[in-house]
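Asks:
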Amino acid sequence: MFEQLETLPPDPILGLSVAFREDPSPAKVDMSVGIYRDRSGRTPVLEAVQAAERALIEDQSTKAYLPPAGSPGFRESIFKLVLGEAAGSLRERTTTIQAPGGCGALRLGAELIQRAAPGATIHLSDPTWPNHGPLMAGAGLRLERYPYYDPTTHSLQAQSMLDGLEAVAPGSVVMLQASCHNPTGVDPDRGQWQAILEVVAHRRLVPFFDIAYQGLGDDLDTDAWSIREAARRVPEMLVAVSCSKNLGLYRERTGALIALGADAGRAKALESQANKAARSMYSMAPSHGALIAERVMADPALSALWRRELAEMASRLRSLREALAAEIEAARPGTDASWLPAQRGMFSLLGLPAEAVTTLREQAHIYMGFDSRVNIAGLSEDKVAEVARLIAPHLA
Ligand code: LMR
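Just so we're aligned: the sequence shown equals residues 7 to 402 in this note's numbering.
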C-alpha cells in the first residue's frame, strides 16, 4: 500500500527550526518560526501561566472528558477577550468552540464552511501564512487570492485589495488577519478596515478572521478592533483564535473557533455541526492549555500579571523593530527602513532575493523564511547591529 508514497520536503516553516537546532554554530540566529524569544533567546513559560498551571495541578480532581465544545469557562473567556464590549449583544447569535490551537480552529472553520457550502471559495491575502492554503483546501474549499501587499513600499495595496474584493462572488469567504499580518506585518489602518468591511458587507461575503497575535501588536483591544467592527456589520462570521503566542501556550495546542450566525437558531446549528466535525477528526480538543488560559483570564491577579507580561512582549517587539531599522540605516546610508517600525507583530518580509536568504543561512547562520520573512522576536538586542550589517547589502 505505501510503496507509492514519496517522502515530502520539510515544512517550509517548521523544517527551518529543525535545521536551526542541528546547526552547531554558536553565532546562529533563528528568525524563522514564529515564536517569541526573550533577551536571552529563551521562549519562557509566562509567570501567569506557571502560576495557573501549578494551581490547576493542585486542584484537578479528574481527567474525564470535557463537554464536546470544550470547557465552558474557557469558551466564555475567549469570547469576551476577542469580542470585548460587543460580546453582550452578540451572545445569542454566537458559539465558541474550543479547538486544538489556531490551526485546529482554522480547520474546524473550514469544515463548517464545507458543510454549509461544499466546495465554496475562500479568498486569501497575497501573500499569506503558508499553512492557510493547506488547512482550507484540506477541508475541500477552493482557494483564490486577493491583492494585499506591495513589496516595493512594504505597505498595504489598499485600492487593489478593495478592487479585488469587489470582484469576489457573493457568498464567498474571505480570510482576514485581524492584526500582526503573517508574513508581512502590514495591517490596514482603521479607515482602511472600514472600507474593506464595507465591501465585505455589501458584496455579502463571509469574513473568516484569523487572530493569532492578539496583544502582540498594539494591545488586546486594538488588535481585535477589526473583528468587533465586522461583527457590527455582517450577519455571519467565523473567527479562529490562537493562544499560542499571546499566552505562550504553543505546544499545548490551545485555541477556539468563534462562529457568528444570523440568530440563536443558527448559532445552535453551528455549534452542533462544529462538534460533529471535531468528533470525526479528533473527537475533542485537549484540555490542559485551555484550562490554564481559563484560570489566567478568570483570576484578576493572574489576568493583570498576564496583561503586563503580554504588554512587555509587544513593547519589546516594537523596540526591536526600531533598533533593526536604525541599524540597517546606519549600515547602509541612504536606506529608508522606516517601514519596519510602522509594521506590527512578529513578522516582516525583508524582500531579499532567494540566493541572499540561502547565503545568510549557510554562511552567517541567520535563519529566516525562504520568502525572507523574519520573526523580529528571534532577534536579541545584542545581535541587532550584526544582523543588520549582514542583511543590509542584500536589501532592495
Ligand atoms: C509561524 O508562522 O511561524 C507560526 O505561526 C508557526 C507555524 O505553525 O507556522
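Cβ coordinates follow ideal geometry from the N, Cα and C atoms, glycine included.
#1: From which residue to which residue does the alpha helix (DSSP H) around Gln-349 run?
#2: Between the C-alpha atoms of Val-411 and Ala-173, what's the straight-line distance to the nearest angstrom?
#3: Thinking C-alpha only, which one of His-294, Arg-350, Val-393 is nearest Ala-61?
#4: Can you tell me which of Glu-315, Pro-15, Leu-22 puts its alpha carbon nearest to the alpha carbon of Asn-381?
#5: For Ala-362 and His-371, what's the separation of their Cα atoms in angstroms?
#6: List the DSSP bridge partners of Tyr-155.
#7: The alpha helix (DSSP H) that contains Met-181, what's its start and end?
#8: Since Ile-298 and Glu-91 should fall inside the 8 Å C-beta cutoff, what is the C-beta to C-beta distance between them, to a whole number of angstroms?
#9: Apart from the five residues on each side of it in sequence, which residues of its chain come closer than 8 Å, Cβ to Cβ, to Asp-342?
#10: In whole angstroms, what is the alpha-carbon distance linking Ala-54 and Ser-354?
#11: Which residue or residues does DSSP assign as beta-bridge partners of Val-380?
#12: Please classify Tyr-42 as buried or exposed, where buried requires at least 16 neighbouring CB atoms within 10 angstroms.
#13: Going by DSSP in three states, Met-142 sits in which element: helix, strand or coil?
#14: Tell me which residues share the same chain as Gly-107 and place their Cβ nearer than 7 Å to its Cβ, disregarding the 5 neighbours each side in the sequence.
#15: What's the gap between the Cα of Trp-199 and the Cα of Leu-11?
#16: Once the 5 residues before and after Arg-99 are set aside, which same chain residues still bring their CB inside 8 Å of it?
#17: At a cut-off of 7 Å, is Ile-298 close to the ligand LMR when judged by its beta-carbon and the heavy atoms of the ligand?
#18: Look at the Cβ atom of Gly-76, then the Cβ atom of Ile-103, and state whether they are nearer than 8 Å.
#19: Can you tell me whether DSSP reads Val-206 as helix, strand or coil?
#20: Taking 7 Å as the cut-off, is the CB of Asn-252 close to at least one heavy atom of the ligand LMR?
#21: Hey, could you find the ends of the alpha helix (DSSP H) Gln-369 is sitting in?
#22: Express the C-alpha separation of Tyr-155 and Met-479 in angstroms, rounding to a whole number.
#23: Would the beta-carbon of Trp-135 be found less than 7 Å away from any heavy atom of the ligand LMR?
#24: Taking 8 Å as the threshold (C-beta atoms), are Ser-178 and Gly-223 in contact?
#25: With DSSP as the reference, label Pro-176 as helix, strand or coil.
#26: Can you give me the C-alpha to C-alpha distance between Gly-144 and Glu-300, rounded to a whole angstrom?
#27: Does at least one heavy atom of the ligand LMR sit under 7 Å from the Cβ of Ile-217?
#28: Quick one: any contact between the segment 313-321 and the segment 126-142, if contact means 3 or more CB pairs under 8 Å?
#29: Just reading off the alpha helix (DSSP H) that Thr-228 is part of, what are its end residues?
#30: Let me check one thing: in DSSP terms, what residues is Asp-216 bridge-paired to?
#31: On the DSSP bridge assignment, give the partners of Arg-148 in chain order.
Replies: Reading off the structure:
#1: Unbroken run through Gln-349: none, as it is neither H nor E.
#2: The requested residue 411 is not part of the displayed model; the chain covers only 7 to 402.
#3: Comparing Cα-Cα distances from Ala-61 to each of His-294, Arg-350, Val-393, the minimum goes to His-294.
#4: Looking at the Cα atoms, Leu-22 is the closest of the given residues.
#5: So the alpha carbons of these two residues sit roughly 12 Å apart.
#6: Under DSSP, the beta-bridge partners assigned to Tyr-155 are Leu-162.
#7: DSSP places Met-181 in no alpha helix (DSSP H) but in the uninterrupted beta strand (DSSP E) bounded by 179-183.
#8: The pair is not a contact, with the Cβ atoms about 25 Å apart (cut-off 8 Å).
#9: Around Asp-342: Glu-335.
#10: Approximately 29 Å, taken between the alpha carbons.
#11: Answer is Ser-354, bridged to Val-380.
#12: Using a 10 angstroms sphere on the CB of Tyr-42, the tally of other CB atoms reaches 16 or more, which defines it as buried.
#13: The answer is helix: DSSP assigns Met-142 an H, G or I state.
#14: Once the five neighbours on either side are set aside, the close Cβ partners of Gly-107 are Ser-248, Ser-250, Arg-259, Thr-260, Gly-261.
#15: Straight through space, the alpha carbons of Leu-11 and Trp-199 are spaced by roughly 45 Å.
#16: Excluding sequence neighbours, Arg-99 sits near Leu-266, Gly-267, Ala-268, Asp-269, Ala-270, Arg-272, Ala-273.
#17: The beta carbon of Ile-298 sits no closer than 7 Å to any heavy atom of the ligand LMR.
#18: Their beta carbons are under 8 Å apart, which means Gly-76 touches Ile-103 by this criterion.
#19: Note: Val-206 maps to helix in three-state DSSP.
#20: No, since every heavy atom of the ligand LMR falls outside the 7 Å radius drawn around the Cβ of Asn-252.
#21: Where Gln-369 is concerned, the enclosing alpha helix (DSSP H) stretches over 360-370.
#22: What the structure shows of the chain is the stretch from 7 to 402, and residue 479 is not part of that stretch, so it cannot be assessed.
#23: Checking every heavy atom of the ligand LMR against the Cβ of Trp-135, one is found closer than 7 Å.
#24: Taking 8 Å as the cut-off, the beta carbon of Gly-223 is found no closer than this to the beta carbon of Ser-178.
#25: Of the three classes helix, strand and coil, the one that applies to Pro-176 here is coil, per DSSP.
#26: The alpha-carbon atoms of Gly-144 and Glu-300 are separated by roughly 30 Å.
#27: It does not: the Cβ of Ile-217 is nowhere closer than 7 Å to a heavy atom of the ligand LMR.
#28: Per the Cβ contact rule, the segment 313-321 is not in contact with the segment 126-142 (fewer than 3 Cβ pairs under 8 Å).
#29: Note, Thr-228: alpha helix (DSSP H), 226-229.
#30: Per DSSP, Gln-183, Ala-246.
#31: Paired residue(s): Thr-127.
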